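All remarks here apply to the structure that follows.
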Amino acid sequence: MNKIKIYIVLISLFFFYNLYDQVEIGVHCYLDPNESLNNPSPLQKSMIIANYNLTFVLCVEQGQPTNFSEQYIDEIGFIADYFDDVSYGDITIDNVEVLVDAVNLDGSVEAFELSNTLVAHPSFGVDYVVNDNMVREVLDSVDQRYDLSNFDYNDDGTVDMLVFMVARMEVGKWGTGTPGLPTSMIYTTNDTTSSGANILIDGSGYGSRGADHALIQRKRASSADHIISITVHELGHAWFNFPDVDHSGTNQYDHWSFGCFDEMTNGSGFRSRPSLYNPIFRIESDWLTPIEITDTETIVLEDIDSTSQIYYYDIPDRPGTSVGGQRIYLTCYSNTNRWQEYWPIPASGSNQLGLMVWRENRNLNILNTWNYSDYQYSPVDIESADQRQLLFPVNDNYFSRFNFVA
Ligand SMILES: [Zn+2]
Numbered sequence: 423m424n425k426i427k428i429y430i431v432l433i434s435l436f437f438f439y440n441l442y443d444q445v446e447i448g449v450h451c452y453l454d455p456n457e458s459l460n461n462p463s464p465l466q467k468s469m470i471i472a473n474y475n476l477t478f479v480l481c482v483e484q485g486q487p488t489n490f491s492e493q494y495i496d497e498i499g500f501i502a503d504y505f506d507d508v509s510y511g512d513i514t515i516d517n518v519e520v521l522v523d524a525v526n527l528d529g530s531v532e533a534f535e536l537s538n539t540l541v542a543h544p545s546f547g548v549d550y551v552v553n554d555n556m557v558r559e560v561l562d563s564v565d566q567r568y569d570l571s572n573f574d575y576n577d578d579g580t581v582d583m584l585v586f587m588v589a590r591m592e593v594g595k596w597g598t599g600t601p602g603l604p605t606s607m608i609y610t611t612n613d614t615t616s617s618g619a620n621i622l623i624d625g626s627g628y629g630s631r632g633a634d635h636a637l638i639q640r641k642r643a644s645s646a647d648h649i650i651s652i653t654v655h656e657l658g659h660a661w662f663n664f665p666d667v668d669h670s671g672t673n674q675y676d677h678w679s680f681g682c683f684d685e686m687t688n689g690s691g692f693r694s695r696p697s698l699y700n701p702i703f704r705i706e707s708d709w710l711t712p713i714e715i716t717d718t719e720t721i722v723l724e725d726i727d728s729t730s731q732i733y734y735y736d737i738p739d740r741p742g743t744s745v746g747g748q749r750i751y752l753t754c755y756s757n758t759n760r761w762q763e764y765w766p767i768p769a770s771g772s773n774q775l776g777l778m779v780w781r782e783n784r785n786l787n788i789l790n791t792w793n794y795s796d797y798q799y800s801p802v803d804i805e806s807a808d809q810r811q812l813l814f815p816v817n818d819n820y821f822s823r824f825n826f827v828a
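For the sequence shown, the positions run 423 to 828 when our numbering is used.
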């Protein structure tokens, strides 16, 4: 097994600022800036161990090609592996379905086509992702074509998490997404439960982390990875109460804390392959249990994905000279799963091995802290990525907000 042996010298951690390069900005996701942050805590949402279902409604903007290959549709199913990997098996996706307008003899499909075009750069509001009238028209077609009781897996009268996905649109329009459906729409289908009640599509909680039954999103998705990346981001809000970590409810993207190493930023992963949720949020979800480093010692770090191993060290407070309450986490990566295939992990021959240092401000409740506008005091960020590589040209201030260890 690949391992990194490191000697921890507790008194000699030096931090300084450096540059790191990321891919282009992914998706403009933000929640209602006035959202109450009194949502149920993650543990109350019984997020530790859970089973879920996902039903995608695949659409394109008016005038875009509607045909998608069978392979493209099949690969959306990898989203189940994402949740299995990120939770070490605690989150199970039992069913992933993709609803379409037609299935062709060769296995390819035709997506639903919106009756109009999208707002190019929408501000937060009813047209933020897709106008509500266009959503209703598509749901009418879905209702005609499908028996939606098949997607109410627990027969409680509501379609399990429905994902309204616009996968093709004109170049230059923002990709956007948010939990819920426009105006928190409740759509009544003509299908019924076993007891005769009409099955609902429940889009309530639009633009907040309280939406538990529907998402809406749009992104020019040339591969299934694009769909998975935006979906796991929005589900991070809806299912696990995760906040956005790179902005604070406005349209200002002026900083990066995790960049493409985490899917709750708007980085959308390396080469659009979604990264797993950052390990600090995974600890909050009880999927990971960190081990404390308390003294100068030698530790052997092993791949986090195959061992779930993660260490932490609380930096002693120095009143008057530091902000205090700072915890760092150490993780090792050897690229053992699909979600790190394009990470810049250092390689020697076929061996890949990299160390990451993550930081958390323990003075803050990281799940309810949205202020990332001062990057030197952000709730969470990356301090170091071992042997960083330059993948993309430095052309944007967003990419200059990382701290790195020598
Ligand atoms: Zn978001």
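We put the beta carbon where it would ideally sit given N, CA and C, even for glycine. All of these numbers come straight from a predicted model, not from anything done at the bench.
Check: residue i C-beta below 6 Å from any heavy atom of ligand 1
i      : result
CYS451 : yes
ASP666 : yes
Residues sharing a beta bridge with residue i, DSSP
i      : result
ILE702 : Looking at the DSSP assignment, ILE702 forms no beta bridge with any residue, so it has no partner.
VAL834 : The structure shown does not extend to residue 834, since the chain spans only 423 to 828, so no value can be given for it.
PHE692 : ARG695
CYS451 : GLY599
VAL531 : PHE490 and VAL525
ASP624 : ILE608
GLN646 : The sequence as given places Ala at residue 646; Gln does not occur at that position. ALA646 is not bridged to any residue.
ARG749 : ASP736 and GLU782
ASP725 : CYS754
TYR474 : ILE515
SER806 : VAL779
ILE840 : The structure shown has nothing for residue 840, since the chain only spans 423 to 828.
ALA619 : DSSP lists no partner for ALA619.
GLN774 : ALA769
THR718 : Paired residues: none, contrary to the question.
ILE713 : TYR733
THR614 : ASN620
Distance cut-off 6 Å: residue i Cβ against heavy atoms of ligand 2
i      : result
GLN484 : This structure lacks ligand 2; its bound ligands are ligand 1.
Residue i at chain C interface by Cβ criterion, 7 Å
i      : result
ASN700 : Protein chain content of the structure displayed is limited to a single chain, and chain C is not contained in it.
Counting Cβ pairs, one atom from each stretch, are 3 or more of them under 8 Å apart for the stretch 734–754 and the stretch 772–788? yes
State whether the stretch 471–488 contacts the stretch 519–533, with contact taken as three or more CB pairs (one from each stretch) at a distance under 8 Å. yes
Should the stretch 568–585 be called in touch with the stretch 604–622, which here means at least 3 C-beta pairs below 8 Å? yes
With three or more C-beta pairs closer than 8 Å as the rule, is the stretch 685–698 touching the stretch 757–768? yes
Is the stretch 583–590 touching the stretch 632–639, taking contact as three or more C-beta pairs under 8 Å? yes
Looking at C-beta atoms only, is the number of pairs between the stretch 528–538 and the stretch 547–560 that lie closer than 8 Å three or more? yes
Flag this pair as touching only if the stretch 487–495 and the stretch 650–670 have three or more C-beta atom pairs under 8 Å; answer yes or no. no
For the stretch 590–599 and the stretch 544–554, state whether three or more C-beta atom pairs, one from each stretch, are separated by less than 8 Å. yes
Secondary structure, alpha helix (DSSP H): runs of 4+ residues fully inside the stretch 538–581: 554–567
Report yes or no: do three or more beta-carbon pairs, one from the stretch 731–751 and one from the stretch 711–722, lie closer than 8 Å? yes
Tell me, please, whether the stretch 698–707 touches the stretch 676–690 by the rule of three or more beta-carbon pairs shorter than 8 Å. yes
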